[in-house]
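One structure below.
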Amino acid sequence: MQSNSSQPALNGSFLHSDPYGTGSLASLSTLDPPLLEPAIIKHSGNNSQSQRTSDQRVEALRQTLERHRGDRHLVILQDFPDPDALSCGWAYKLIAEPYDIQVEIIYAGTLSHQENIALVKLTGLPVQRCTVQTLKTKDLSGYQGCVFIDNQGTTSQLLPLVQQSELPVIAVIDHHSPQSNLNAEFVDIRPQARATATIFTQYLQAGLLTLDGSVSQHVKCTTALIHGLRSDTNSLMQAKEEDFLAAAYLSRFYDPQLLNAVLQAARSKRVMDVIERSLRNRTVQNSFSIAGVGYLRYDDRDAIPQAADFLVTEENVHTAVVYGILHDEDKEVEIVVGSLRTNKITLDPDEFIKEAFGQDAYGRYFGGGRFTAGGFEIPMGFLGGFNENAEFAKIKWDVFDAQVKQKLLRLVSPADSIRTS
Ligand SMILES: [Mn+2]
502 MQSNSSQPAL NGSFLHSDPY GTGSLASLST LDPPLLEPAI IKHSGNNSQS
552 QRTSDQRVEA LRQTLERHRG DRHLVILQDF PDPDALSCGW AYKLIAEPYD
602 IQVEIIYAGT LSHQENIALV KLTGLPVQRC TVQTLKTKDL SGYQGCVFID
652 NQGTTSQLLP LVQQSELPVI AVIDHHSPQS NLNAEFVDIR PQARATATIF
702 TQYLQAGLLT LDGSVSQHVK CTTALIHGLR SDTNSLMQAK EEDFLAAAYL
752 SRFYDPQLLN AVLQAARSKR VMDVIERSLR NRTVQNSFSI AGVGYLRYDD
802 RDAIPQAADF LVTEENVHTA VVYGILHDED KEVEIVVGSL RTNKITLDPD
852 EFIKEAFGQD AYGRYFGGGR FTAGGFEIPM GFLGGFNENA EFAKIKWDVF
902 DAQVKQKLLR LVSPADSIRT S
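Going letter by letter, the sequence shown gives residues 502 to 922 in this note's numbering.
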């Protein structure tokens, strides 16, 4: 136990310090988690006691999961789930997986905030909307229990239904003040915690799930947890030591680029889709990030430069090029459009694009640029125009994708480029 709460929280060594041995956690002992032995609750004050409390909570959760091996659980979030709820629902799902527990995360209302839509979309967060009506038609006998996370049922329209069906409440994990007695098997309610994400991060750190930076779901879920933590603490400004410690732990695994994308959320869902595709499809070579995003609607033209803006923020990338096939329904034409963004002062976007794509039959360049930014538009001529056949559309995209990429790569890494003729 080496933690010293009088030290500033943002001390480099805190990454490796014990997150539970903090003075601030000692106050948790005033809580009354029903499943914990009274002995745990009585003690307060010193670090080793709060550590023990934490350990026992984790152990109690572990045992609960063990008892429910092979179950199907519904995780019920509040009607308008926020990032804290969404990320923790996911963390529960991942924690329960090794116990062969199938988890469905549901909410009854809507994902109203852009940032929440972005979070779900960009991380592939496994959450489903399930209205009261939908739940009524669902056969709940296929589930062995439900779990309330970042809420205690009072903010979910689904609670009455769940109670009527007598679906057992397996766990309640929340940081709001105690609101209702759900008679759950496992309860961890900590009004002192700034975010439920802090609680879940402590579970992770205690070994309920061994995070692996090479597992995409782990990276995405920790990114979601950091977002949850940020959003419940006003960008960490209201965070306390334990929240910082949780964030520090998550920082080992999360994807800053992904978090940044989530935070740039004043964008439409369709723009987010394009950014997601650019992320997924990007190839990074010699500090150039190149991504084809397939077909997009005319109205979403602006998504291309936004995606390029985003890709160029990646570490060790100085230039990003994003392109796609823009489909104009009114005019029945298609055109390849692309954007370049660079922060390399010696790279002239205008020159680069002119050099990459050359000129058309009339001697006009397909594009050009200015300081740090450029764009291009390449008419598709006879190959343009809508075609119902999905396979044909795919072949067409593949051909244009390969051609654009080849022209770019010729400049990016001359030696490696593919020769066509
Ligand atoms: Mn919360």
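Even for Gly, the Cβ is constructed at its ideal location relative to N, Cα and C.
Can you tell which of Q645, K622 and L659 has its C-alpha closest to the C-alpha of T638?
Here residue 638 is taken as the residue at index 137 of the sequence shown, counted from 1. Nearest C-alpha to T638: L659.
Note down the Cα distance separating Q653 from I602, rounded to an integer number of angstroms.
In the sequence shown, the residue the question calls residue 653 occupies position 152. In the sequence shown, the residue the question calls residue 602 occupies position 101. Roughly 21 Å between the two C-alpha positions.
Return the chain-ordered list of same chain residues with a C-beta closer than 6 Å to the C-beta of R778, the five sequence neighbours on each side being excluded.
Residue mapping note: residue 778 aligns to position 277 of the sequence shown, counting from 1. Contacts found: V794.
Note down, in chain order, each residue of its chain lying with its Cβ closer than 6 Å to the Cβ of A672, except the 5 sequence neighbours on either side.
Start at 1 with the first residue of the sequence shown, and residue 672 comes out as number 171. Result list for A672: V648, A685 and F687, in chain order.
DSSP beta-bridge partners for Q786?
By one-based count along the sequence shown, residue 786 stands at place 285. Its beta-bridge partners are F789.
Go through its chain and collect everything with a Cβ distance to D801's Cβ below 7 Å, but skip five positions before and after it.
On the sequence shown, residue 801 is found 300 positions in, with the first residue counted as 1. Cβ neighbours of D801 beyond the five flanking positions: R771, V772 and V775.
Applying the criterion that 16 or more other CB atoms from any shown protein chain within 10 Å of the CB defines a buried residue, is L884 buried or exposed?
Walking along the sequence shown from the start, residue 884 turns up at place 383. By the 10 Å Cβ count, L884 comes out exposed.
Assuming I606 and V621 form a contact by the criterion Cβ under 8 Å, report the distance between their Cβ atoms to the nearest whole angstrom.
One-based indexing of the sequence shown puts residue 606 at position 105. One-based indexing of the sequence shown puts residue 621 at position 120. With 8 Å as the limit, I606 and V621 do not qualify as a contact, their Cβ atoms being about 10 Å apart.
Taking buried to mean at least 16 other C-beta atoms within 10 Å of its own C-beta, is N617 buried or exposed?
Numbered from its first residue, the sequence shown carries residue 617 at position 116. Label assigned to N617: buried.
Ignoring anything shorter than 4 residues, give me the alpha helix (DSSP H) runs that lie fully in the region 556-622, in order along the chain.
Runs found: 584-597.
Taking T611 as the reference, which of E598, D583 and V785 has the closest Cα?
Counting from 1 along the sequence shown, the entry for residue 611 is found at position 110. Among E598, D583 and V785, the Cα nearest to that of T611 is on D583.
P757 by DSSP, collapsed to three states: which one?
Along the sequence shown, one-based indexing puts residue 757 at 256. Three-state result, P757: helix.
Using CA coordinates, which residue listed in V905, V576 and P757 is at the minimum distance from R630?
Walking along the sequence shown from the start, residue 630 turns up at place 129. Of the listed residues, the one whose Cα sits closest to R630 is V576.
In the DSSP assignment, what are the bridge partners of T843?
Taking the first residue of the sequence shown as position 1, residue 843 is located at position 342. In DSSP, T843 forms a bridge with T820.
Exposed or buried, V822, counting other C-beta atoms within 10 Å across all chains shown (16 or more means buried)?
Reading the sequence shown from its first residue, position 321 is the one you call residue 822. By the neighbour-count rule (16 or more Cβ atoms within 10 Å), V822 is buried.
If we call anything under 9 Å between Cβ atoms a contact, is R558 one with Y600?
As a position in the sequence shown, residue 558 is number 57, starting the count at 1. As a position in the sequence shown, residue 600 is number 99, starting the count at 1. No, Cβ-Cβ distance for R558 and Y600 is not below 9 Å.
How far does the alpha helix (DSSP H) with P661 in it reach, from first residue to last?
What you label residue 661 is simply residue 160 of the sequence shown in a count that begins at 1. Segment L660 to Q665, the alpha helix (DSSP H) holding P661.
On the DSSP letters alone, give me the boundaries of the alpha helix (DSSP H) that D902 sits inside.
Translated into the one-based positions of the sequence shown, residue 902 becomes position 401. Element bounds for D902: A891 to V913.
Quick one: what's P880 bridged to in DSSP?
Indexing the sequence shown from 1 puts residue 880 at position 379. Answer is I836, bridged to P880.
Hey, would you say G864 sits closer than 9 Å to I854, going by beta carbons?
In the sequence shown, counting from the first residue as 1, residue 864 sits at position 363. In the sequence shown, counting from the first residue as 1, residue 854 sits at position 353. For G864 and I854, no; Cβs fall outside 9 Å.
Please indicate yes or no: does the CB of T697 lie closer than 8 Å to some heavy atom of ligand 1?
Indexing the sequence shown from 1 puts residue 697 at position 196. It does: the Cβ of T697 is within 8 Å (strictly closer) of some heavy atom of ligand 1.
Any heavy atom of ligand 1 closer than 8 Å to the Cβ of G654?
Numbered from its first residue, the sequence shown carries residue 654 at position 153. Incorrect: G654 has no Cβ contact closer than 8 Å to ligand 1.
If you count every other CB in all the chains shown that lies within 10 Å of the CB of P535, and 16 or more means buried, which is it?
Numbered from its first residue, the sequence shown carries residue 535 at position 34. Because the pLDDT of P535 is 35, which lies under 50, any placement of that residue in the model is unreliable, and the number read from its coordinates should be weighed accordingly. Exposed.
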